[in-house]
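*Asks:* Mapping of the sequence shown onto the UniProt record's numbering: residues 1 to 220, in sequence order.
The structure under discussion is supplied below as structure tokens; questions concerning it will follow.
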Amino acid sequence: MSNDPSVFCFSESENIETLLARNRAWAQRLSTDRPGLFPALAESQHPQILWIGCSDSRVPETSLLDLLPGEVFVHRNIANVLPNGDLSSLSVIQYALEHLGVRHIIVCGHHGCGGVLAALGDKKLGLIDNWIKNIRDVRAKHKAELDAIDNPQKQCSRLVELNVIAQVHNLKRMANVQKAIERGVQVHGLVYGVGTGCAEILEIPRDPDAELYDIKATPE
1 MSNDPSVFCF SESENIETLL ARNRAWAQRL STDRPGLFPA LAESQHPQIL
51 WIGCSDSRVP ETSLLDLLPG EVFVHRNIAN VLPNGDLSSL SVIQYALEHL
101 GVRHIIVCGH HGCGGVLAAL GDKKLGLIDN WIKNIRDVRA KHKAELDAID
151 NPQKQCSRLV ELNVIAQVHN LKRMANVQKA IERGVQVHGL VYGVGTGCAE
201 ILEIPRDPDA ELYDIKATPE
């Protein structure tokens with residue numbers, strides 16, 4: 001049961017000291033299992049993956065990929081959106097590609113996404129409406145397809161997929177990402193099931209506007 005506190009580690013009655021105790025126990029376990037990990041992390045980071053995901057607490061990238069600290073460079077926001085001109089995401093992408101040399105970029109959405117559900121509704125939510133507009137734009141582009149889906153849960157799941165596709169297209173329209181792809185960096189779209197713990201590869205159709213964003217190098 002999702003509201004059953006017995007399935008979680010940290011309850012509303014706990015305090016910061018509990019978190020620190022858990023942290024020390026975790027660090028001790030990891031140091032025992034992998035003695036060289038923390039000394040190596042203290043020197044530098046060399047992640048192979050850039051993860052662009054949702055802020056949702058149920059989608060913890062390092063845990064769900066069963067990886068270790070230092071293996072995933074992360075950018076998360078509500079509904080894993082990459083808006084044009086967003087300095088935060090643009091900076092993360094540039095740093096990951098040019099300084100860390102990641103080999104994989106993953107855009108991951110998830111079923112039951114609150115941001116996507118909000119984009120399917122018509123309630124005013126305040127400041128967040130400015131952000132949700134990015135998903136509503138995806139909804140508007142695929143209105144006929146989405147309106148034909150009677151089941152609200154399936155409609156949400158489809159918009160989750162369409163949003164991942166849209167963000168992968170946005171990513172591949174960036175000049176530095178195009179250069180990275182040319183040298184072998186791979187871009188993936190995933191959808192994660194919060195009810196199963198499993199992620200699935202999403203087939204990304206060709207961007208119909210790709211040619212408009214295909215930036216060619218200027219001949220010397």
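Ideal placement from N, C-alpha and C gives every residue a C-beta, glycine not left out.
Applying the criterion that 16 or more other CB atoms from any shown protein chain within 10 Å of the CB defines a buried residue, is ILE93 buried or exposed?
*Replies:* Classification of ILE93: buried, given that the 10 Å Cβ count is 16 or more.
*Asks:* Would you give the residue range spanned by the beta strand (DSSP E) that HIS104 belongs to?
*Replies:* That run of the beta strand (DSSP E) goes 104–110.
*Asks:* Rounded to whole angstroms, what is the Cα-Cα separation between HIS104 and HIS188?
*Replies:* Using only the alpha carbons, I get a separation of about 7 angstroms.
*Asks:* Do ARG58 and VAL194 come within 8 angstroms of each other at the CB atom, strictly closer than that value?
*Replies:* The answer is yes: Cβ separation under 8 angstroms.
*Asks:* If you follow the beta strand (DSSP E) that ALA199 is in, where does it begin and where does it stop?
*Replies:* Residues 199–201.
*Asks:* Expressed to the nearest angstrom, what Euclidean distance is found between the alpha-carbon atoms of ILE201 and ALA96?
*Replies:* ILE201 and ALA96: Cα-Cα distance of roughly 22 angstroms.
*Asks:* Quick one, which of LEU30, ASP150, ASN84 has its alpha-carbon nearest ASN134's?
*Replies:* Per the Cα distances, ASN84.
*Asks:* Helix, strand or coil for ASN15 per DSSP?
*Replies:* In this structure, ASN15 counts as coil in the three-state DSSP scheme.
*Asks:* Looking at the structure shown, is PHE8 part of a helix, part of a strand, or coil, going by DSSP?
*Replies:* The answer is coil: DSSP assigns PHE8 none of H, G, I, E or B.
*Asks:* Apart from the five residues on each side of it in sequence, which residues of its chain come closer than 7 angstroms, Cβ to Cβ, to VAL168?
*Replies:* The answer, listed in chain order, is VAL107, VAL187, GLY189, ILE204.
*Asks:* Let me know the secondary structure DSSP gives ASN80 once reduced to three states.
*Replies:* Here ASN80 sits in coil by DSSP.
*Asks:* Give the range of the alpha helix (DSSP H) segment to which ILE93 is assigned.
*Replies:* First-last of the alpha helix (DSSP H) with ILE93: 87–95.
*Asks:* Just verifying my parser: in three-state terms, what is the DSSP assignment at VAL194?
*Replies:* Three-state result, VAL194: coil.
*Asks:* Any idea if GLU12 is buried or exposed, counting beta-carbon neighbours within 10 angstroms, 16 or more meaning buried?
*Replies:* Burial call: exposed.
*Asks:* What is the DSSP secondary structure of TYR213, reduced to helix, strand or coil?
*Replies:* Looking at TYR213 - three-state DSSP - the assignment turns out to be helix.
*Asks:* Any chance the region 122–138 sits against the region 207–216, with 3 or more Cβ pairs inside 8 angstroms?
*Replies:* Taking 8 angstroms as the limit for Cβ pairs, the verdict is that the region 207–216 does not touch the region 122–138.
*Asks:* Is GLN186 helix, strand or coil when you go by DSSP?
*Replies:* Correct three-state label for GLN186: strand.
*Asks:* My output table needs one value for ILE204: the three-state DSSP class, helix, strand or coil.
*Replies:* In this structure, ILE204 counts as coil in the three-state DSSP scheme.
*Asks:* Could you spell out where the beta strand (DSSP E) holding LEU50 opens and where it closes?
*Replies:* Its beta strand (DSSP E) spans residues 49–54.
*Asks:* Do ALA148 and ARG136 have their beta-carbon atoms positioned less than 8 angstroms apart in this structure?
*Replies:* The answer is no: Cβ separation not under 8 angstroms.
*Asks:* If we count Cβ pairs, one from each stretch, closer than 8 angstroms, do we get three or more for the region 59–74 versus the region 139–159?
*Replies:* Flag = no, the region 59–74 and the region 139–159 do not touch.
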